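K.L.:
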Amino acid sequence: MKKYCTVIRVLAHTQVGKMKGLKQKKAHLMEVQVNGGDTAAKVDFAYSFFEKNIPVDAVFQKDEMIDIIGVTKGKGYEGVVTRWGVTRLPRKTHRGLRKVACIGAWHPARVSFTVARAGQNGYHHRTEMNKKVYKLGKAAQESHTAVTEYDRTEKDITPMGGFPHYGVVKEDYLMIKGCCVGPKKRVVTLRQSLLKQTSRLAMEEIKLKFIDTSSKFGHGHFQTTDEKSKFYGRVKA
Numbered sequence: 017m018k019k020y021c022t023v024i025r026v027l028a029h030t031q032v033g034k035m036k037g038l039k040q041k042k043a044h045l046m047e048v049q050v051n052g053g054d055t056a057a058k059v060d061f062a063y064s065f066f067e068k069n070i071p072v073d074a075v076f077q078k079d080e081m082i083d084i085i086g087v088t089k090g091k092g093y094e095g096v097v098t099r100w101g102v103t104r105l106p107r108k109t110h111r112g113l114r115k116v117a118c119i120g121a122w123h124p125a126r127v128s129f130t131v132a133r134a135g136q137n138g139y140h141h142r143t144e145m146n147k148k149v150y151k152l153g154k155a156a157q158e159s160h161t162a163v164t165e166y167d168r169t170e171k172d173i174t175p176m177g178g179f180p181h182y183g184v185v186k187e188d189y190l191m192i193k194g195c196c197v198g199p200k201k202r203v204v205t206l207r208q209s210l211l212k213q214t215s216r217l218a219m220e221e222i223k224l225k226f227i228d229t230s231s232k233f234g235h236g237h238f239q240t241t242d243e244k245s246k247f248y249g250r251v252k253a
């Protein structure tokens, strides 16, 4: 490899065994290219990571911008109004109103790809760019808690009752600004931004003041179980 190869790639896999309640046993495989240095240095670098864990803080840092690649929630077969947002026809329209009225001219004698049609919606591969990393938590360390400089309440990052349809966060985690593609427990790929970030938003240093750990089922009122027990007092078992 050191003599003949110019591009070095490594195979990396996830550790699905760490996620309880996941029916999948087979790990996700991904091919990652090694950049920087000559070929010999790349090969030595790749060898040094064989059969080793790559922690999240070895790749990403707080306050930097990252991209998220994943597959969106599947919606199944849906019509043109839901799928493409076309206008509904008037109420008295013959043979349905949630349709495209004209799908094109007689000639060319085929339907153009630009015309809205019914079909599969969701379960699409998408890349969301420029998500800011607000916090990076390491397992069994103070960074794993939801304690901030302004809120010194002893509490874990997991909200009361756990994250809906996920559970308790036990491993390292990233807190990012905004939404994340796909449903709960679906695998996502994180990568560093491909462009050099120079905007004020990208360079801004974030200081978290409060992390809400109230229950995400219903209307959560309490940040910790102690706070809840103090409010309600002794209740019947």
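Be aware that the sequence shown starts at 17, since it is given in my numbering, and climbs by one per residue. Ideal Cβ positions, reconstructed from N, Cα and C, are used throughout, including at glycine. No experiment lies behind these values; they were computed from the predicted model shown.
(1) In this structure, what does DSSP give as the bridge partners for residue 142?
(2) Look at residue 173 and residue 185 and say whether their C-beta atoms are less than 7 Å apart.
(3) Verify whether the separation of the beta carbon atoms of residue 81 and residue 215 is less than 7 Å.
(4) Could you spell out the range, first to last residue, of the beta strand (DSSP E) harbouring residue 133?
(5) Is residue 144 closer than 7 Å to residue 8 when the C-beta atoms are compared?
(6) Helix or strand or just coil, what does DSSP make of residue 224?
(7) Nearest by alpha-carbon distance to residue 97: which of 87, 77 and 133 is it?
(8) Cβ of residue 137 within 7 Å of Cβ of residue 99?
(9) Using only CA atoms, which one of 34, 47, 58 and 52 lies nearest to residue 20?
(10) Taking DSSP's pairing of strands, which residues face residue 28 in a bridge?
(11) Assuming residue 188 contacts residue 155 (C-beta within less than 8 Å), just tell me the rounded distance between them.
(12) May I ask you to report which of helix, strand or coil DSSP gives residue 205?
P.N.:
The short version:
(1) Stepping through the sequence shown from its first residue, residue 142 is reached at position 126. Partner(s): 86.
(2) Reading the sequence shown from its first residue, position 157 is the one you call residue 173. Reading the sequence shown from its first residue, position 169 is the one you call residue 185. It is a contact, given that the beta carbons lie within the stated cut-off.
(3) The count along the sequence shown starts at 1 and reaches residue 81 at position 65. The count along the sequence shown starts at 1 and reaches residue 215 at position 199. In this structure, residue 215 does not lie closer than 7 Å to residue 81 by Cβ.
(4) Numbered from its first residue, the sequence shown carries residue 133 at position 117. Looking at the DSSP string, residue 133 is not in any beta strand (DSSP E), and its letter there is neither H nor E.
(5) Outside the modelled stretch of the chain, which goes from 17 to 253, sits residue 8, for which no answer is possible.
(6) Here residue 224 refers to the residue found at position 208 of the sequence shown. Looking at residue 224 - three-state DSSP - the assignment turns out to be coil, as it is neither helix nor strand.
(7) Counting from one through the sequence shown, the residue named residue 97 turns up at place 81. Here the closest residue by C-alpha is 133.
(8) Numbered from 1 along the sequence shown, position 121 holds the residue referred to as residue 137. Numbered from 1 along the sequence shown, position 83 holds the residue referred to as residue 99. In contact: residue 137 and residue 99 (Cβ atoms closer than 7 Å).
(9) Numbered from its first residue, the sequence shown carries residue 20 at position 4. Of the listed residues, the one whose Cα sits closest to residue 20 is 58.
(10) As a first step, residue 28 must be located in the sequence shown, where it is residue number 12. Residue 28 pairs with 46.
(11) Residue numbering aside, residue 188 sits at position 172 when the sequence shown is read from its first letter. Residue numbering aside, residue 155 sits at position 139 when the sequence shown is read from its first letter. That pair is a contact at about 6 Å.
(12) Counting from one through the sequence shown, the residue named residue 205 turns up at place 189. Looking at residue 205 - three-state DSSP - the assignment turns out to be strand.
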